[in-house]
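One line per chain: the protein sequences are R and S, in this order.
Those letters in the first sequence? Residues 5 to 585, by our numbering.
Those letters in the second sequence? Residues 8 to 86, by our numbering.
We put the CB at the ideal spot given by N, CA and C, even for glycine.
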Amino acid sequence: MLVVMFFTSPQYNKFFNEVTGRKPVPAEKGKSLPKKEEPESQVQIDTTEKITPSEEKKDSVSKDTVIEESQKDVEDTIWVETENMIAGINEKGGNIISIKMKKYLYTEGNRKGEYVDLIPQNSEGGAQISVAGESLKDKIFKYNGESEKKVEIEKGNKKDLVFEHTLKNGDVIKKIFSFMGEGYQIGMKVSGTQLSGERIGVSWLSGIEESETSGSQPEQRIVHYSDGSSVQHINMRKTEKEEITGNYRWIGVTSKYFFISIVSDSVRDADLTIKGFETDAKGKNRKSIKSINYEISYTNSANENTESYWFYTGPNQLETLKSFNLKFEKILFPVTGWTRWFFYADKWFPWLAEFTLWLLLVLYNLVKDFGVAILLITILSRVVTYPMTQSSTKSMSRMKDIQPKVEAIRKRYKNNPRKMNEEIMAIYREEGINPLNPGCLPLFLQMPIFIALFVVLRKAIELRGAGTWVIPWVNDLSRPESLISLTSIFPQGIPLYGTSIALLPIIMAVLTYFQNKMTIKDPNQKAMIYFMPVFMLVLFNNFPAGLVLYWTASSALGLLQQYYIEKKNKKSVAEATAKKK
Amino acid sequence: MAEYIKKIEIITLRYGKRFFKTLFCIPDGSCKFSPTCSEYAEMAVQKYNIFKAAFLIIWRLFRCNPFSSGGYDPIEEKR
Numbered sequence: 005m006l007v008v009m010f011f012t013s014p015q016y017n018k019f020f021n022e023v024t025g026r027k028p029v030p031a032e033k034g035k036s037l038p039k040k041e042e043p044e045s046q047v048q049i050d051t052t053e054k055i056t057p058s059e060e061k062k063d064s065v066s067k068d069t070v071i072e073e074s075q076k077d078v079e080d081t082i083w084v085e086t087e088n089m090i091a092g093i094n095e096k097g098g099n100i101i102s103i104k105m106k107k108y109l110y111t112e113g114n115r116k117g118e119y120v121d122l123i124p125q126n127s128e129g130g131a132q133i134s135v136a137g138e139s140l141k142d143k144i145f146k147y148n149g150e151s152e153k154k155v156e157i158e159k160g161n162k163k164d165l166v167f168e169h170t171l172k173n174g175d176v177i178k179k180i181f182s183f184m185g186e187g188y189q190i191g192m193k194v195s196g197t198q199l200s201g202e203r204i205g206v207s208w209l210s211g212i213e214e215s216e217t218s219g220s221q222p223e224q225r226i227v228h229y230s231d232g233s234s235v236q237h238i239n240m241r242k243t244e245k246e247e248i249t250g251n252y253r254w255i256g257v258t259s260k261y262f263f264i265s266i267v268s269d270s271v272r273d274a275d276l277t278i279k280g281f282e283t284d285a286k287g288k289n290r291k292s293i294k295s296i297n298y299e300i301s302y303t304n305s306a307n308e309n310t311e312s313y314w315f316y317t318g319p320n321q322l323e324t325l326k327s328f329n330l331k332f333e334k335i336l337f338p339v340t341g342w343t344r345w346f347f348y349a350d351k352w353f354p355w356l357a358e359f360t361l362w363l364l365l366v367l368y369n370l371v372k373d374f375g376v377a378i379l380l381i382t383i384l385s386r387v388v389t390y391p392m393t394q395s396s397t398k399s400m401s402r403m404k405d406i407q408p409k410v411e412a413i414r415k416r417y418k419n420n421p422r423k424m425n426e427e428i429m430a431i432y433r434e435e436g437i438n439p440l441n442p443g444c445l446p447l448f449l450q451m452p453i454f455i456a457l458f459v460v461l462r463k464a465i466e467l468r469g470a471g472t473w474v475i476p477w478v479n480d481l482s483r484p485e486s487l488i489s490l491t492s493i494f495p496q497g498i499p500l501y502g503t504s505i506a507l508l509p510i511i512m513a514v515l516t517y518f519q520n521k522m523t524i525k526d527p528n529q530k531a532m533i534y535f536m537p538v539f540m541l542v543l544f545n546n547f548p549a550g551l552v553l554y555w556t557a558s559s560a561l562g563l564l565q566q567y568y569i570e571k572k573n574k575k576s577v578a579e580a581t582a583k584k585k
Numbered sequence: 008m009a010e011y012i013k014k015i016e017i018i019t020l021r022y023g024k025r026f027f028k029t030l031f032c033i034p035d036g037s038c039k040f041s042p043t044c045s046e047y048a049e050m051a052v053q054k055y056n057i058f059k060a061a062f063l064i065i066w067r068l069f070r071c072n073p074f075s076s077g078g079y080d081p082i083e084e085k086r
C-alpha cells in the first residue's frame, strides 16, 4: 500500500525525475519581488556578474550588441540567426557558447521576456572537439569568413561557417558548422589533413541550462544515449564519471523542456564519457548548479579525413523529436531508478505517456484550446475505464449498504472467525451480491492512466505559455495558477501553501470534502473528512494549472459516478425490500 | 523506538489509504475480504517489518480481483 500510495502521489513524479531532496520553489518570487529582496535577486543575477570568468568569455557574451568595437587579440563570437534560433560560436575552441530559442521566452526570473538560452551563461559552451585524446577546447579557431560577424540565414537556405586551427606540426583542423534556415539542427564537420584513423571526440562541456526557474526541478541529472533503435537513460550523481563503450549513434541531455544532443552520421563503435560536476555558478537556492558534460568519440575510418556530426538543440516537442526517426521521443518520459522494477514500468510507461501526449495534441488540433483538450482527455479517460470501474463501484456501493449487518455479525462471532465468515457470506448471498464481485483491482487499473496524464501535463512543452478560456484567469497551464498573490502580506509565502491563492485547488478541496462525506462511514475516521480537503488544497496549490484542471475535472466526474450509483442502489434496495414484503 | 516507527507506519498507512480511496472513489466497508484490506494492512505492519508488510499488503490488494472469491483471509495463516 505504501508503495502504491507513493506511486500515485506527486512524490512519485518528483522521484521520476530524481530530485535530490529539494522542495519546490514557490512561484512568482523572482517576478513580483525583483528589487525588494536584495539577496534573492543578487543570487539570480550572480550567474552573470558575481563569478568573474576569464575576460574573453565575458566579452563574448556581450558581443551581441557591440560588434563595431574592434577588440584585437580577443576571440570574436560569430552570431548566426535562423528562423528558430540564434547561435553564438566563439573562436576560442570554435565552441557554441549560446543557443537562443526564438520561439520560447523566459517566463520568469531576471531574464523574463528574453529568448531562452540553452547554454548556461559564462560557461565553456558545447561542441568541443578532441583529436587523439587531446582536447582542442581552448585553442583558437579563426573564423574563415566575411568580416561580418553576424550571419542571417533565411528559411530554405543553408550556410556553412568554417573555423580553422593550425596545429604545432602545421596540420590544419577545420570545424565546419552548417546551419539551415529552419529547424533545430546544427551540423558540424571536423576535417583535417591528418585525421584518417584518428580517434575524434566531440563533447558538450556546459551541459544544458534549465529554462524554468520555479515550480520545477532546476537540475537535470539524466543522460540519454542511443544506438538508434533503443534509448538508455542514466542518472548521474554529483561527481560520478561513467564510461561506456559500444555501438552508439547519439548522446544528449535534457532540461525540463529542451534537449541538446550530439548525433553521429551512423551507428559505430563509440566511447561515451559522462561526467557529473558542480559549476561555480549558484542557483536560486544558493546551491551550486549541478551539471553534466559528455563526450562521444569515434575512430575515423582509415581513408577519411573528415568526420560529420550534427547537434539537435531545441524543444522537446513530440512531433519535432519524432521527425528524426532516431527515437529522440524516448527522452520525454524516461523511467529510471527503482521505478523501473515496478511492473516493468520502463517497458510500457513511456509508450503510454507518449500516446497520451499524442492524444492531447490531436484533441488540441481539433479544438485549438488546451484547457478544453484537457477536459476532453479527462472525460475520455473516464469513459475508457468506465467498464472497469463501473462494476467495481457498483458492487462496492451495495456492500457498503449492508455493512451495518456485517459489522453486527463480526461483533457477535468475534471469537469464531470461521463462523463469522460463513455468516457474512450468507448475508452476501441473501442480498444478491455476487461473491465474485470484481474487487478493487479493476479500479487500480486506472492508475497508469492517471500517472501518464500527470506526467504528460507536467512535462509537455506544448502547454508552456498556453492559456485557455475554460479558466480565463490562467495564462500559462504549465505553471501554478495564481489568482491572488500573497507576496505583499507574506513575502516568503505561507509555508507549504505557497505565495499565492489559486482557485482551482479550492474547488478541488470542496469536491474532496463532498466525496469523503459520501464515502467515509467509519466514525473513527470522521476527522479525515476535514483533513483530506486541506491536504489536497496544500498539495495542489503549487502544481501546474493544467494538471490541477485535469485532477479537478476527474474527481468531479468520479463524484458524479459515485452519486448516481448510490442513488440507483438505494432505489433497487427499496424495490427489493418492497418485493419481499 | 520500534514502537514509534510502527506508529508512524500505521498513521502513514491510514492517511495513505484515505488519499487513495479519495482518488479512486472507493467507499468504506466495501471490501470483499474479511478482515478488510485496511485492517489487514495494519495487522501486517504491526506483525512484520515494513518490507514484508508491504509485500503482504500488495499481494492482498492483488487478490482483490474478480477471480478471487474473497471471504475470510486473516494474516496469521499466511507465511
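- Within the region 146-218 of chain R, the complete beta strand (DSSP E) segments of 3 residues or longer fall at 154-156, 162-170, 176-184, 189-196 and 203-208, listed in chain order.
- Not flagged as an interface residue toward chain S: R:Met240, since no C-beta distance is shorter than 8 Å.
- At a cut-off of 8 Å between C-beta atoms, S:Asn56 does not count as an interface residue with respect to chain R.
- Residue pairing for R:Asp373: DSSP places it in no beta bridge.
- With its beta carbon at least 8 Å from every one in chain R, S:Ile15 lies outside the interface.
- Under a criterion of Cβ atoms nearer than 7 Å, the residues of chain S adjacent to R:Met532 are, in order, Arg25.
- Close partners of R:Asn520 in chain S (Cβ separation under 7 Å): Thr29.
- Of the other Cβ atoms in all chains shown, 16 or more fall within 10 Å of the Cβ of R:Ala377; this residue is therefore buried.
- Listed in chain order, the non-local C-beta contacts of R:Ala557 below 7 Å within the same chain comprise Leu379 and Thr382, local neighbours out to five positions each way being set aside.
- Around R:Leu481, the same chain offers Phe374, Leu467, Ala470, Ala549 and Gly550 as residues with beta carbons nearer than 6 Å, after the five sequence neighbours per side are excluded.
- Under the DSSP assignment, R:Ile93 falls in the beta strand (DSSP E) whose first and last residues are Met89 to Asn94.
- Burial of R:Asp121 is indicated by the presence of at least 16 other C-beta atoms within 10 angstroms of its C-beta.
- Using a Cβ-Cβ cut-off of 8 Å, R:Thr516 counts as an interface residue toward chain S, since at least one Cβ of chain S sits closer than that to its own.
- In terms of CA proximity to R:Ile93, R:Glu168 leads the group R:Asn114, R:Lys351 and R:Glu168.
- When the beta-carbon positions are compared, R:Leu330 and R:Asn320 stay at least 8 Å from each other.
- Closer than 8 Å to the CB of R:Met512 there is not a single CB belonging to chain S.
- For R:Val267, the pairing in a beta bridge is given by DSSP as R:Trp254 and R:Trp314.
- When beta bridges are read from the DSSP output, R:Gln496 appears opposite no residue.
- Taking a contact to require three or more Cβ pairs closer than 8 Å, the region 52-71 of chain S and the region 12-20 of chain S qualify as touching.
- In the three-state reduction of the DSSP assignment, R:Ala274 falls in the strand class, which pools E and B.
- For R:Ser207, the closest of R:Ile101, R:Thr503, R:Tyr567 and R:Ile133 by C-alpha to C-alpha distance is R:Ile133.
- Taking a contact to require three or more Cβ pairs closer than 8 Å, the region 229-236 of chain R and the region 198-217 of chain R do not qualify as touching.
- Spanning the alpha carbons of R:Asp175 and R:Val271 requires a straight line of approximately 28 Å.
- Under the 10 Å beta carbon count, R:Leu564 is surrounded by fewer than 16 other beta carbons and is classified as exposed.
- If you draw a straight line from the Cα of R:Tyr417 to the Cα of R:Ala513, it is about 40 Å long.
- If you compare the alpha carbons of R:Thr303, R:Tyr302 and R:Gly318 with that of R:Tyr261, the shortest gap goes to R:Gly318.
- For R:Thr249, DSSP records a beta bridge to R:Asp275.
- In the structure shown, the three-state DSSP call for R:Phe347 is coil.
- Boundaries of the beta strand (DSSP E) harbouring R:Lys104: Asn99 to Leu109, taken from the DSSP string.
- At the C-beta level, R:Ile226 and R:Pro338 come within 8 Å of one another.
- The beta carbons of R:Tyr316 and R:Ile255 sit no closer together than 8 Å.
- Secondary-structure assignment with DSSP links R:Pro452 through no beta bridge to anything.
- At a cut-off of 8 Å between C-beta atoms, R:Met192 does not count as an interface residue with respect to chain S.
- By the criterion of a C-beta distance shorter than 6 Å, R:Thr516 is surrounded in its chain by Met536, Pro537 and Met540, once the five residues flanking it on both sides are discounted.
- R:Phe547 carries a coil assignment under DSSP once its states are collapsed to helix, strand and coil.
- Taking the Cα of R:Ile100 as reference, the smallest distance to any Cα among R:Lys245, R:Ala131 and R:Val577 is reached at R:Ala131.
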